[in-house]
Amino acid sequence: MDMEGPRPTSELLEASKSLTPQQARVLDLVVSRPGGLTALEISQELGIHVSTVREHVDALVSNGLVCSKRAPGYSGNGRPRLVYVALVPTSDAITQHFISMVRAGVELHGGRDEKWEFARAWGRKWARLLIDEDGLPSGDSPLGVIVQHMTELGFAPTVEAGLVKLHNCPLLPADGVMPEVICQIHGGMIEELLSARGDGEIDVEIVPFAGNGTCTVRLLQEDNAAEEGPVAEEDG
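Under our numbering, the first residue of the sequence shown carries the number 545, and numbering increases by one thereafter.
Structure representation (structure tokens):
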């Protein structure tokens, strides 16, 4: 007998990209209510006719993004009262669970210095796995490698006076509290990516919440000045 497990979250998030704007509004509302909502409740909150709501939730159910269940306490004849519950976790929930998992692993290792050392080692191992999967990172310079890689990860990097400034953080939870070990893991990852390219031993300094809405990445290398200069901005 074939036994299927749960769908990967990445697959669910990919399916959500094909939704119409109205379907996305309905999904966002249902996701925000872990207990679920009826079609009538969705209609009242969004100001959409209940028949239209049912069309939208039917599409969400067929895409595996929402499931329906009989409302508790329902009794009677006719069409059962259904409650719609999201199967897609919020991005912030994913972030919080990921950070908690990482912190649990790091907390097993002694004091602050031991935790930082372990976090850097974790990042270096992560980089080696990335290289095994995707090959060596491309880029004309160490800064170019960082910009390309952090762009792919969603950090929206720019370069100014030899510093890489990270304008977004896909791992920052809604409460704005970021454990510094997460930054150290990224530091170790960047160091290993550069080392594997043959750029030599380069220490990476990451400063969380460095000001002006950014974190910064600095390469501690004697010839770092040669790398300075803004990244050309694309038109549009």
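Ideal Cβ placement from N, Cα and C applies to all residues, glycine included. The structure presented is a predicted model; accordingly, all values stated were derived computationally and were not measured.
Straight-line Cα distance separating residue j from residue i
i, j, result
"arginine 762", "lysine 709", "9 Å"
"isoleucine 592", "proline 616", "24 Å"
"isoleucine 638", "valine 689", "27 Å"
"proline 681", "asparagine 607", "35 Å"
"glutamate 661", "arginine 668", "11 Å"
"proline 701", "asparagine 712", "8 Å"
"phenylalanine 699", "leucine 687", "14 Å"
"lysine 659", "methionine 722", "15 Å"
"proline 624", "glutamine 567", "23 Å"
"asparagine 768", "glycine 654", "Any reading at asparagine 768 must be qualified, since the residue scores a pLDDT of 42, below 50, and its modelled position is unreliable; the value itself is stated next. Those two C-alpha atoms are separated by around 34 Å."
Endpoints, the beta strand (DSSP E) within which residue i is located
i, result
"arginine 614", "610-614"
"cysteine 759", "758-764"
"glycine 755", "747-755"
Residues near residue i by beta carbon distance below 6 Å, same chain, minus five either side
i, result
"threonine 760", "Leu707, Lys709, Val751 and Ala754"
"alanine 630", "Val574, Val575 and Val610"
"isoleucine 729", "Ala663, Trp666 and Gly667"
Closest residue to residue i among the options (Cα-Cα distance)
i, options, result
"methionine 733", "Asp747, Ala615 and Pro616", "Asp747"
"glutamate 507", "Asn756, Leu737, Leu604 and Pro701", "It is not possible to answer for residue 507, since the shown part of the chain is limited to 545 through 780."
"alanine 583", "Leu563, Ser562, Val691 and Val605", "Val605"
"glycine 580", "Val691, Pro686, Tyr628 and Pro723", "Tyr628"
Residue i - containing alpha helix (DSSP H), residue span
i, result
"proline 686", "686-696"
"leucine 604", "594-606"
Same chain only: Cβ atoms within 7 Å of residue i, ignoring 5 sequence neighbours per side
i, result
"proline 717", "Asp636, Thr639, Gln640 and Ile643"
"isoleucine 726", "Ile643, Val646 and Leu715"
"proline 774", "Confidence in proline 774 is poor, its pLDDT being 35 and thus under 50, which makes the residue's placement unreliable; the coordinate value appears in the next sentence. Result list for proline 774: Val703 and Glu704, in chain order."
"serine 587", "His593, Val594 and Val597"
Residues near residue i in its chain [Cβ-Cβ closer than 8 Å; skip 5 each side]
i, result
"methionine 545", "In this predicted model, methionine 545 has a pLDDT of only 42, less than 50, meaning its place in the structure is not dependable enough to derive any value."
"leucine 571", "Ser560, Leu563, Leu604, Leu609, Val610, Ala630 and Val632"
"leucine 764", "Ile746, Asp747, Val748 and Glu749"
"glutamate 758", "A small fix is needed here, since residue 758 is threonine in this sequence, not glutamate. Cβ neighbours of threonine 758 beyond the five flanking positions: Lys709, Leu710 and His711."
Which residues DSSP lists as bridging residue i, in chain order
i, result
"threonine 702", "Lys709"
"valine 650", "Answer by DSSP bridge pairing: none, since valine 650 is not bridged."
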